[in-house]
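Contents: one structure, followed by commentary.
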Amino acid sequence: MAGVDLFGRGADIERLDAFLDAARRDGAAWSMSGEPGVGKSALLAAVAERATAAGARVLRASGSEFEADVGFGAGAADGAFGRRPVRARPRRRRGRKIMTDATGSAISLRVNGVTHRLSVDNRRTLLDALREDIGHTGPKKGCDHGQCGACTVLLDGRRVVSCLTLAVAAEGAEITTVEGLAADGELRPIQEAFIRLDGFQCGFCTSGQLCSAVGMLAEHAAGWPSAVTADVRGPAPELDAAEVRERMSGNLCRCGAYPSIVRAVLETAGREEAAR
Ligand code: FES
Ligand code: FES
101 MAGVDLFGRG
111 ADIERLDAFL
121 DAARRDGAAW
131 SMSGEPGVGK
141 SALLAAVAER
151 ATAAGARVLR
161 ASGSEFEADV
171 GFGAGAADGA
181 FGRRPVRARP
191 RRRRGRKIMT
201 DATGSAISLR
211 VNGVTHRLSV
221 DNRRTLLDAL
231 REDIGHTGPK
241 KGCDHGQCGA
251 CTVLLDGRRV
261 VSCLTLAVAA
271 EGAEITTVEG
281 LAADGELRPI
291 QEAFIRLDGF
301 QCGFCTSGQL
311 CSAVGMLAEH
321 AAGWPSAVTA
331 DVRGPAPELD
341 AAEVRERMSG
351 NLCRCGAYPS
361 IVRAVLETAG
371 REEAAR
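Numbering (the numbering used here), first residue to last: 101 to 376.
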C-alpha cells in the first residue's frame, strides 16, 4: 500500500488526480492523510467526488482528522485497511512533528439498538461519530469540552458526555441517544413532562437534559448520593429540588429553563423509574 500526504490547499487538491492515476495504475489500495484543520472538508469532498468519478472505491473517509482510503481492483477489497497502520512513518513539517493516521480502527457501535460499522481515527470522539458518521444529530455539540452537557448520551444506561468519550471506547456498549428514548412512538414520561411544563425554549440543550435526567433518575433509584445529600451512608434521599439541581448541574441551559426542568424531573421521577 502506498500513501500520499495532502494538506488541504488548492495545489494539494490538484495533486489528487495524479494520485488517483497512480493508484489506478498500481491496482492497489492507497491511503491519503492530511493535517487536521486545514481545508479538510474541501479535501474530503474532492476525494469523494473525484475518486468515485475515477472508478475507485472509497473504503474509508473521515472528516474530523482528515483521512481517506481509496482502492482500485484488488486493492478495493473490504478490509484492505482494517486496523493495520495506514502509515507508520511520522513526518516532520515546519519543524514540528505531525500526527499521522497510523491509529485508525474498524469498530462497531450499537446505537439505539442498531449496529453501525465504522472506520474511525482512534482519536475520534463518540459525539463526532454519532453526529457525522452515523447521522444522529440529537446529541449537540455545545462546548466540545465536557462543560455544558449538550452532548450527553447513555452508555449502558449511564450518562456520559460524548464529546469526551472516544468512539473506540464505546464499542460493545449499548448507546442511547435522545432519538432512542421514546419506544414505539410513545414519549417517555420525562419527554412528555418537558413539553407539558415548558422545560425548554430554544431546545439546544434539551436532548442532553433528557438523557441526563433518565440517567440521573437511574442513579437515584440505585441509591447513589449526591454532593448535597446530608447523610451519604443512608439510603438514597428523597428527591427534592436541591437534589435535582445538584444532580443535573452538569447540563447547562442558556435559555434559563431551569425551574421548569427541575419541575419536570420531580414530577416524573416515579413514573420514569417505573417505565424502565
Ligand atoms: S459538548 Fe460535550 S459537554 Fe459540551
Ligand atoms: S432550552 Fe435553550 S439552551 Fe436550554
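Where is the CB? At the ideal position from N, CA and C, for every residue including glycine.
With contact defined as three or more Cβ pairs closer than 8 angstroms, the stretch 295–307 and the stretch 217–235 are not in contact.
Below 8 angstroms, enough C-beta pairs join the stretch 341–348 and the stretch 305–321 to call them touching: three or more. Annotation: residue 364 to residue 337 spans about 18 angstroms, alpha carbon to alpha carbon. Between residue 309 and residue 353, the C-beta spacing is below 8 angstroms.
Residue 286 carries a strand assignment under DSSP once its states are collapsed to helix, strand and coil. By the C-beta density criterion, residue 370 is exposed, having fewer than 16 other C-beta atoms within 10 angstroms. The continuous stretches of beta strand (DSSP E) do not include residue 314, which lies in the alpha helix (DSSP H) extending over residues 306–321. By the Cβ neighbour-count rule, residue 295 is exposed, with fewer than 16 other Cβ atoms within 10 Å of its own. Around residue 332, the same chain offers 325 as residues with beta carbons nearer than 7 angstroms, after the five sequence neighbours per side are excluded. Not a single heavy atom of ligand 2 lies less than 7 angstroms from the C-beta of residue 293. Annotated three-state conformation of residue 349 is coil, per DSSP. The bridge partners DSSP lists for residue 204 are 221. Looking at the backbone, the Cα of residue 271 and that of residue 281 are separated by about 20 angstroms. DSSP, reduced to helix, strand and coil, places residue 237 outside both helices and strands of the structure shown, so it counts as coil. Secondary structure of residue 276 (DSSP, three-state): strand. The beta carbon of residue 248 sits closer than 7 angstroms to at least one heavy atom of ligand 1. One residue list follows from the rule of a beta carbon closer than 6 angstroms to any heavy atom of ligand 2, given in chain order as 300, 301, 302, 303, 304, 305, 306, 353, 354, 355 and 357. Separation of residue 236 and residue 277 (C-alpha to C-alpha, rounded to the nearest whole angstrom) is 8 angstroms.
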